[in-house]
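Chains as they are written, first to last, in this note's numbering: chain A, 3 to 172; chain B, 814 to 1368.
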């Protein structure tokens, strides 16, 4: 089963290497990992999607906790949460077919962000399923280049996984 | 107070109560050594190779219960530490290592003697730091000692660029640590403690399986109370040896690959396995599905990640073994288990730990004699291989922390520098090194350190002119195709002793050893006793690869 972990870490140099190194040497599989700043400048947040059964997840969580730079870990998989990915896709496109691509983009509420002589670059955000579907819709035109951010996620409602937040909204 | 970061570092070490540093100087760590020279409050032990420094500091920590401190320069100085750091990490030994680094402006340029030591040691340190801001150094050193010595202990490395060390800072040593991501759990969960106590009272055939955590948490008295109140037999992991008296009637000896048959049988047939500060290592469990198959498992460990890692645990208790045991003991009543103990007595009688006495000079006999002559009072450092297992089997340890050996990593070459570190930590104790001709040749250069420091270590080389443990594996698993396990040349260790100005003896029989031993053990000097033992001798019993621990064979 795939799990989504919200991991708060010290904003220290090398913290990404520590986390990535841990996953590789313990043989845990990362599906995606996104990292960036949070509401506090001294804390970064990693959203890690990891594949494994309950035992693997228990080990992943415990081993992550052993890293001194890891402050807090929440497995938000069973909770209600919003998750998003951003994708940029550069599609082959003769000027005559731009309209067609724009129609596809409209369906997915994606935006054209750049035009080349024979290409169109589109930006789309959404959950993983939507991004996958969008990618498939553009594939017939010939995808020249594609880049995805990996998933970021946040709990819905009042609940929060931030440093002072309570996942259980007591 | 204004001072350089290098001076601040030494001041921090003084404030941490550091008395000894094991190290080797070099270019990048020059400012630190200069500051050390000006302070004069901390003894520096100059080794002959950085690996010697880290093993010595590791053994010093094991022998004294304090944090071992190591210094080395950048590049090769730092990489020479790697085996020793991994060793301390595997055996959960508290170390703080300070390495010099090239100046910050050169970091990342493949400068002379530059190596990314924080990157290299990431998987083998509990934590590490590259100091970029001199002002942060005092807090980093405070954190380093705190992290190394609390929770599950381990090595912490601080890499200090040369220019940072030379910067002037306003010195202020923090009184507390601020680490939001590091908060070890010491007291066990109350309901789990009650559950464990209840199971202990109800069990019919309990076995206590005690590891190095017993020694790290200082829980040997509590372990004794637990065993005696429950009338439960105790088996030690290799790391746990010396945590329970070797001559106690409830003691089963070591379990696992080269464990006693009665320990392995007791674990296989127990209905309650009480795991204390142990980690179900593969050398302990053998085939995991046949390990304690009918047992309910209670696992007490300070590292939550060890619980449930290798086996399914019914009652997990995260906490300091000593504190948890105190909690459990409050809920126990004296229990008599004559049936179970009678069964164990029978196993002990049926499968005693022994060896064939065929007139040849047996290595096991050397260990038995050392144990008898010292009445188990010595501190015994070992290297890695057959001799190490014979010490584990035949030396009857009396006091906690008196076996100093490389368990998890199994690093040959640990022994001699470890004996150096142990003797420096315990100057008034008898320190014996039991080593092999293979292991000793890996770090033999530290003989010079022993002479420098006037350490009266007694070195017993169980010399079989080869790599006995691997030879034994080749006999067992490679159809006696012996490959690269026989030395064509072995130095004369008695003559080598002379080169270092030490007393050296070669003995070829038990009788010779008997005559020599009282004099050697009471000598105030470093002595090498080169024991030319039977090279064909095997460590027995052994659990063949892939088998359950009750399937041990003689070999």
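Ideal Cβ placement from N, Cα and C applies to all residues, glycine included.
Residue range of the unbroken beta strand (DSSP E) whose run includes residue i
| i | result |
| --- | --- |
| residue 1182 of chain B | Here residue 1182 of chain B belongs to no beta strand (DSSP E); instead the alpha helix (DSSP H) covers 1176 to 1187. |
| residue 12 of chain A | 4 to 12 |
| residue 1129 of chain B | 1128 to 1131 |
| residue 39 of chain A | 31 to 39 |
| residue 46 of chain A | 45 to 53 |
Helix, strand or coil at residue i according to DSSP, with G and I counted as helix
| i | result |
| --- | --- |
| residue 992 of chain B | coil |
| residue 172 of chain A | Here the model assigns residue 172 of chain A a pLDDT of 43, short of 50, so the residue's position is not dependable, and the following value carries that caveat. Correct three-state label for residue 172 of chain A: coil. |
| residue 980 of chain B | coil |
| residue 1013 of chain B | helix |
| residue 156 of chain A | strand |
| residue 1283 of chain B | helix |
| residue 1066 of chain B | strand |
| residue 811 of chain B | Outside the modelled stretch of chain B, which goes from 814 to 1368, sits residue 811 of chain B, for which no answer is possible. |
| residue 1240 of chain B | coil |
| residue 1257 of chain B | helix |
| residue 1360 of chain B | coil |
| residue 164 of chain A | coil |
| residue 1169 of chain B | coil |
| residue 829 of chain B | coil |
| residue 914 of chain B | strand |
| residue 82 of chain A | coil |
| residue 886 of chain B | coil |
| residue 25 of chain A | helix |
| residue 867 of chain B | helix |
| residue 932 of chain B | helix |
| residue 835 of chain B | strand |
| residue 919 of chain B | helix |
| residue 1039 of chain B | helix |
| residue 1212 of chain B | coil |
| residue 1058 of chain B | coil |
Exposure of residue i, with buried meaning 16 or more beta-carbon neighbours within 10 Å
| i | result |
| --- | --- |
| residue 1267 of chain B | exposed |
| residue 172 of chain A | Below a pLDDT of 50, predicted positions are generally treated as unreliable, and residue 172 of chain A, at 43, falls in that range; no measurement from the model is reported. |
| residue 1133 of chain B | buried |
| residue 1144 of chain B | exposed |
| residue 1349 of chain B | exposed |
| residue 1169 of chain B | exposed |
| residue 981 of chain B | exposed |
| residue 145 of chain A | exposed |
| residue 148 of chain A | exposed |
| residue 1074 of chain B | buried |
| residue 1295 of chain B | exposed |
| residue 1101 of chain B | exposed |
| residue 1004 of chain B | exposed |
Check whether residue i and residue j have beta carbons under 7 Å apart
| i | j | result |
| --- | --- | --- |
| residue 919 of chain B | residue 841 of chain B | no |
| residue 1248 of chain B | residue 1196 of chain B | yes |
| residue 970 of chain B | residue 941 of chain B | yes |
| residue 871 of chain B | residue 898 of chain B | no |
| residue 1006 of chain B | residue 1141 of chain B | yes |
| residue 1025 of chain B | residue 997 of chain B | no |
| residue 1344 of chain B | residue 1277 of chain B | no |
| residue 10 of chain A | residue 45 of chain A | yes |
| residue 5 of chain A | residue 58 of chain A | no |
| residue 775 of chain B | residue 27 of chain A | One cannot answer for residue 775 of chain B here, as it falls past the ends of chain B, which runs 814 to 1368. |
Limits of the unbroken alpha helix (DSSP H) element including residue i
| i | result |
| --- | --- |
| residue 1 of chain A | Past the boundaries of the shown model lies residue 1 of chain A; chain A is included only from 3 to 172, so the question cannot be answered. |
| residue 134 of chain A | 130 to 140 |
| residue 1202 of chain B | 1199 to 1207 |
| residue 1311 of chain B | 1306 to 1312 |
| residue 1134 of chain B | 1134 to 1142 |
| residue 58 of chain A | 56 to 68 |
| residue 143 of chain A | From DSSP, residue 143 of chain A is part of no alpha helix (DSSP H); its letter is neither H nor E. |
| residue 846 of chain B | 843 to 852 |
Distance cut-off 6 Å: residue i Cβ against heavy atoms of the ligand FMN
| i | result |
| --- | --- |
| residue 881 of chain B | You won't find the ligand FMN in this model; it holds no ligand whatsoever. |
The segment 25 to 43 of chain A: which residues have C-beta closer than 7 Å to a C-beta of chain B, in chain order? From the segment 25 to 43 of chain A, only 27 have a Cβ closer than 7 Å to chain B.
Which of the residues in the segment 108 to 125 of chain A, read from start to end, lie with their CB under 7 Å from any CB of chain B? none
Closer than 7 Å between beta carbons: that is the criterion. Which residues of the segment 967 to 997 of chain B meet it against chain A? 992, 993, 994 and 995
Which residues, in order along the segment 70 to 82 of chain A, keep a beta-carbon less than 7 Å from a beta-carbon of chain B? 70, 71, 72 and 73
Closer than 8 Å, Cβ to Cβ, to anything on chain B: give me those residues from the segment 7 to 21 of chain A, in chain order. Taking 8 Å as the upper bound on Cβ-Cβ separation, chain B lies near residues 11, 12, 15, 16, 19 and 20 of the segment 7 to 21 of chain A.
Taking a cut of 8 Å between CB atoms, which residues from the segment 914 to 942 of chain B lie near chain A? 931, 932, 935, 936, 939 and 940
If you measure beta-carbon to beta-carbon, which residues of the segment 1101 to 1132 of chain B are closer than 7 Å to chain A? 1117, 1118, 1121 and 1122
Give the residues from the segment 949 to 962 of chain B that approach chain A closer than 9 Å (Cβ to any Cβ), ordered along the chain. Identification of residues in the segment 949 to 962 of chain B having a C-beta nearer than 9 Å to some C-beta of chain A yields 956 and 960, given in sequence order.
Give, in chain order, every residue of the segment 79 to 105 of chain A whose Cβ lies closer than 8 Å to some Cβ of chain B. none
Taking beta-carbon pairs under 8 Å, can you tell me which members of the segment 47 to 68 of chain A lie near chain B? 57, 60, 61, 64, 65, 67 and 68
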